[in-house]
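Scroll down for the structure; my scribbles are underneath it.
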Amino acid sequence: MDFFDVIRTRRSIRVFDGRPVEEEKLRAILEAANAAPSAGNLQAYEIYMVKDPIARGRLASTLTKMEFFSIVPVVLAFCANPERSTVKYAERGRNLYAVQDATIACTHAMLAATALGLASVWVGAFREMEVSAALNLPEALMPVALLPVGYPLETVEPRTRRPLNEIVHSVK
Ligand SMILES: Cc1cc2nc3c(=O)[nH]c(=O)nc-3n(C[C@H](O)[C@H](O)[C@H](O)COP(=O)(O)O)c2cc1C
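Heads up: the sequence shown runs through residues 1262 to 1433, numbered per our numbering.
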C-alpha cells in the first residue's frame, strides 16, 4: 500500500475477529517499530508482546471497555525505558526522550499493521501500576501505549480533524 493510502485508511478499530496474525506479518510490524528514529539512536523503549490468552485476559481486566483484548490475538505494549536515555541525555532523556522513543515506535507499528491489512487501536487510558503488574514489567519501565493488533470486524468512518489553518501557525 502506498504510504499516503496507509495514512488515509488507518482507523482506530475496537472490534476484532479472533483470527491469528501471521508470524511474518507480526515480524514485519516489529521490524517497522525497530526502524523508528530515537534520540541518539538509544531506543529507550521495550516492546512486550502479549499473545497468551491468560496474559491478555489479565491485561483486559486492568482496562474498562476493552473487552476485545480477550479476543484480539496480540497486544503490543510499548514501554519507555528512561534509564537508557538518561545515560546520555540526563533529565531530558528521562522525562521526554524515552517516552517519545516509545511512542514513535508504536506509531511505526500501527502504520505497518494498516499496510498489512490489519487493524489496531492505540490505548493510552490505563493505570500504569496495574498494567505494569499485569505484564510483570521491571520497575524501571513505564508502559506508554498498548496496541492490540488483529483483523477488523468493523468498518469505521474517518474521524474529523481540526482544519490545518487552525493547527498550523505561520511564524514571521
Ligand atoms: C495517545 C493516544 C491515546 C489513546 N487512548 C485511547 C484509549 O485509551 N482508548 C481508545 O479506545 N482509543 C484511544 N486512542 C485512539 C483515539 O481515540 C483515536 O486515535 C482518535 O479518536 C481518532 O480516531 P482515528 O484513530 O480512527 O483516526 C488513543 C490515541 C492516542 C494517540
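Every residue gets a Cβ at the ideal spot worked out from N, C-alpha and C, and that includes glycine. Quick caveat: nothing in here was measured; it's all calculated off a predicted structure.
- Message: Which residues does DSSP list as the beta-bridge partners of G1411?
- Response: Taking the sequence shown and counting its residues from 1, the one referred to as residue 1411 is at position 150. Bridge partners of G1411: A1380.
- Item | Beta-ladder partner(s) of M1403, from DSSP | Counting from 1 along the sequence shown, the entry for residue 1403 is found at position 142. A1341, per the DSSP bridge assignment.
- Message: I want to check one thing, is the minimum distance from the CB of R1420 to the heavy atoms of ligand 1 below 6 Å?
- Response: Your numbering for residue 1420 matches position 159 in the sequence shown. Under cutoff, so the answer is yes.
- Message: Please determine whether the Cβ atom of G1411 lies at a distance below 6 Å from any heavy atom of ligand 1.
- Response: Residue numbering aside, residue 1411 sits at position 150 when the sequence shown is read from its first letter. No - ligand 1 has no heavy atom lying nearer than 6 Å to the Cβ of G1411.
- Where in the stretch 1284-1353 do unbroken runs of the alpha helix (DSSP H), each at least 4 residues long, occur, reported from the N-terminal end onward? 1284-1295, 1314-1321 and 1343-1353
- Should P1334 be labelled buried (16 or more other beta-carbon atoms within 10 Å of its own) or exposed? Taking the first residue of the sequence shown as 1, we reach residue 1334 at position 73. Under this definition P1334 is a buried residue.
- Task: Confirm, please, whether the CB-CB distance from L1320 to A1395 is below 7 Å.
- Result: Numbered from its first residue, the sequence shown carries residue 1395 at position 134. Numbered from its first residue, the sequence shown carries residue 1320 at position 59. Closer than 7 Å, so yes.
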